[in-house]
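**Q**
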Amino acid sequence: MPMIRLTAPAGALTEQGRQSIQRDLAAVLLRWEGAPDTAFFRAQAWSYLTELPTGAQTTAEDDAPRFLVEVTVPHGALSERRKTGLVEEATKTVLAAAGLGPDEALRVWVLVHEQPEGTWGAGGSVVRYADLVALAQRDKAGTIDA
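Here the numbering used here is used: the first residue of the sequence shown is 1, the next is one more, and so on.
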């Protein structure tokens, strides 16, 4: 199951952006992962917003806000094409939430962490990628209760 975390300096997002960024990024991740757009899979797309206190983030050059998006998915869930699309769309989503234009894209870093097979657990069991694919197929067919 996918997980996405945005780390940003407090106050760096617009009020509207702060209200919507977690669901927006979760939707971006699900879309690029190819998961069904169903209540069950949306409920499994965990999204975190970590806001850093003033002065906790800087560079050697300046104090302009930077944004770190960390994505965790099962190994094999994202092809190179999907990773590229995810990075591009997540960057645009964060820039919009911060009220910044595309010329500020280098302020957003996206790190994709692929969880090795057999190292992800949920509900007290190890979850394997093949199990998720089968679950997605059943969900698309409407045979999963949310």
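We treat Cβ as the ideally placed atom computed from N, Cα and C, and that holds for glycine.
Note that the structure is predicted; figures quoted are calculated from it, not measured.
When burial is assigned at 16 or more other CB atoms within 10 Å of the CB, is Leu111 buried or exposed?
**A** Leu111 should be labelled exposed.
**Q** Thinking just about the alpha-carbon of each residue, which of Glu51, Glu104, Glu114 is nearest to the one in Lys83?
**A** Among Glu51, Glu104, Glu114, the Cα nearest to that of Lys83 belongs to Glu114.
**Q** Starting from Pro9, follow its DSSP beta bridges and name the residues at the other end.
**A** Leu52
**Q** Using the three-state DSSP reduction, which class does Ala122 fall into: helix, strand or coil?
**A** strand
**Q** Using only alpha-carbon positions, find the residue among Leu68, Gln57, Leu6 that is nearest to Gln22.
**A** Leu6
**Q** State yes or no: is the C-beta of Val69 within less than 8 Å of the C-beta of Trp109?
**A** yes
**Q** Going by alpha carbons, who is nearest to Pro65 out of Pro9, Ala136, Val133?
**A** Pro9
**Q** For Thr38, does the three-state DSSP call read helix, strand or coil?
**A** Residue state, collapsed to three classes: coil.
**Q** So Val13 and Ala97 are in contact, right, with Cβ under 8 Å, and what is the actual spacing, rounded?
**A** According to the sequence as given, residue 13 is Leu; it is not Val. Yes, Leu13 and Ala97 are in contact; Cβ-Cβ is about 5 Å, under 8 Å.
**Q** Runs of 4 residues minimum, wholly inside the stretch 60-106: which ones carry the alpha helix (DSSP H) assignment?
**A** 80-98
**Q** Can you grab the Cα-Cα spacing for the pair Gln16 / Gly99, in whole Å?
**A** Rounded to whole angstroms, Gln16 to Gly99 spans 10 Å at the Cα level.
**Q** How is the alpha helix (DSSP H) around Val28 delimited, first residue to last?
**A** 15-33
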